[in-house]
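J.:
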Amino acid sequence: MEDSISSEFRPIALAIKRLAKQARQQYSLEVDAVVREQSQSRKRIEHLLNGMLDFCFDDEMLALYRKLCRYYFSIAPEATVSYIYAYRDLWDNEQIEQGE
Numbered sequence: 002m003e004d005s006i007s008s009e010f011r012p013i014a015l016a017i018k019r020l021a022k023q024a025r026q027q028y029s030l031e032v033d034a035v036v037r038e039q040s041q042s043r044k045r046i047e048h049l050l051n052g053m054l055d056f057c058f059d060d061e062m063l064a065l066y067r068k069l070c071r072y073y074f075s076i077a078p079e080a081t082v083s084y085i086y087a088y089r090d091l092w093d094n095e096q097i098e099q100g101e
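Residue numbers (this note's numbering): 2 to 101.
1) Output the boundary residues of the alpha helix (DSSP H) element that contains residue 87.
2) Looking only at its chain, what residues have a beta carbon closer than 6 Å to the beta carbon of residue 10, apart from the 5 residues adjacent to it on each side?
3) Excluding the 5 residues preceding and the 5 following residue 77 in the sequence, name in chain order all residues of the same chain whose CB lies nearer than 7 Å to its CB.
4) On the criterion of 16 or more Cβ atoms from any shown chain inside 10 Å, does residue 25 qualify as buried, or is it exposed?
5) In chain order, what residues of the same chain have a beta carbon less than 6 Å from the beta carbon of residue 72, not counting five sequence neighbours either side?
6) Between the C-alpha atoms of residue 82 and residue 5, what's the straight-line distance to the nearest angstrom?
Structure follows, in structure tokens:
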């Protein structure tokens, strides 16, 4: 029974992994452009952060998300903090496991 369940979910897991890789490649280009251009556009940066948040289960996407948060902090510290909390609420299992 357990083997049949895992074999049913395997294609889904692989598809999610492929999608995360594609997203990471696209968002990486956008984040690099924001930093390189020293963009101050809150709308552009927040659009990226909102989209990236869905993929922060991926460690490389999380690193990219953090990079953009660090950049954005000097532009809009309060907004950046809200994105940090959004990540924690959605993905940070360590706090849940520790009962915090």
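Ideal placement from N, C-alpha and C gives every residue a C-beta, glycine not left out.
T.: Looking at the atomic coordinates:
1) Within the sequence shown, the letter at position 86 stands for residue 87. Taken as a continuous stretch (DSSP letters only), the alpha helix (DSSP H) holding residue 87 covers 78 to 92.
2) What you label residue 10 is simply residue 9 of the sequence shown in a count that begins at 1. Contacts found: none.
3) Counted from its first residue, the sequence shown places residue 77 at position 76. 43, listed in sequence order.
4) In the sequence shown, the residue the question calls residue 25 occupies position 24. Per the 10 Å Cβ criterion, buried.
5) Within the sequence shown, the letter at position 71 stands for residue 72. Excluding residues within five positions, the ones whose Cβ falls inside 6 Å are 36.
6) The residue you call residue 82 lines up with position 81 of the sequence shown. The residue you call residue 5 lines up with position 4 of the sequence shown. In a straight line, the C-alpha of residue 82 is about 43 Å away from that of residue 5.
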